[in-house]
Amino acid sequence: MNISYAHGVPERFRHAAAVLYDNAFGAKFAVAVPARERRLRLLAESFQLEHAIGAIADEKLVGIAGFHGTAGSLTGGMTFRSLIARLGLLRGSWAAVIFSLYDRRPLPGELLMDGIAVAPDMRGRGIGGKLLDLVTKHAREQNLKSIRLDVIDTNLGARTLYDRSGFTEIKTESFESLRWLLGFGAATTMRKVIA
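Following this note's numbering, the numbering of the sequence shown begins with 127 at its first residue and continues without gaps.
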């Protein structure tokens with residue numbers, strides 16, 4: 127199977143990108159937007175696809191790596207105003223509060239990962255590692271010094287990939303009291319220094 131990679135996910139894969147992202151992070155987002163169809167629509171409408179790298183096999187999007195740099199981010203279209211417009215005042219405000227718990231900004235000279243997802247039937251083929259390599263290449267081309275990401279305690283597969291890809295642990299934040307709400311109780315911040 128031939129897998130190609132595109133910097134800037136083609137527009138025709140907008141909905142597929144939302145499905146991949148929701149499959150990977152839907153449990154986190156479901157607290158803010160419980161209805162899956164509404165969540166998929168929100169993601170698809172909010173994505174800024176130029177801030178992602180996509181893996182494509184047989185005209186199907188099978189992987190995506192979003193990032194947040196100085197020019198914007200994959201999820202950058204998900205603002206308080208857009209949440210209110212799409213979900214209404216009450217639901218939009220609730221979603222904004224929940225999403226604010228996940229909000230992070232890149233530091234100067236840093237690229238911040240905005241999520242990486244691979245289709246379940248395509249895992250184990252090196253797609254995640256290749257996407258991380260291409261994100262690293264992009265950061266290097268932007269003259270950035272490091273890449274930072276957060277990985278939750280329930281995502282052991284991702285943690286293994288990041289360890290193998292040269293990321294090192296900076297800190298772990300625990301919030302066990304919110305596990306009932308968020309579905310996880312700790313997040314580890316990791317960084318990869320770009321030579």
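C-beta atoms are modelled at their ideal positions from N, C-alpha and C, and glycine is treated no differently.
Everything numeric in this text was worked out from a predicted model, so none of it was measured.
{"Asked": "Where the alpha helix (DSSP H) through L213 begins and ends", "Found": "F206 to L213"}
{"Asked": "Assumed close pair L257, E236 - CB separation to whole angstroms, cut-off 8 Å", "Found": "Between E236 and L257 the Cβ distance is about 18 Å, and since that is not below 8 Å, they are no contact."}
{"Asked": "DSSP three-state assignment for G241, whether helix, strand or coil", "Found": "strand"}
{"Asked": "Cutoff 6 Å; reference A243; Cβ partners in own chain excluding five residues on either side", "Found": "L146, Y147, A150 and I190"}
{"Asked": "Short Cβ contact (8 Å threshold) for F193 with L200", "Found": "yes"}
{"Asked": "Assigned secondary structure, L275 (DSSP; H/G/I helix, E/B strand, else coil)", "Found": "strand"}
{"Asked": "I224 vs G218 beta-carbon contact at 8 Å", "Found": "no"}
{"Asked": "Continuous alpha helix (DSSP H) stretch holding S172: start and end", "Found": "R162 to S172"}
{"Asked": "Close-in-space but distant-in-sequence residues of the same chain around G198 (CB under 8 Å, 5 per side omitted)", "Found": "Q174, E176 and H177"}
{"Asked": "Per-residue DSSP class, three states only, for S291", "Found": "coil"}
{"Asked": "Start-to-end residues for the alpha helix (DSSP H) that takes in T262", "Found": "I253 to E267"}
{"Asked": "Buried/exposed call for K318, threshold 16 Cβ in 10 Å", "Found": "buried"}
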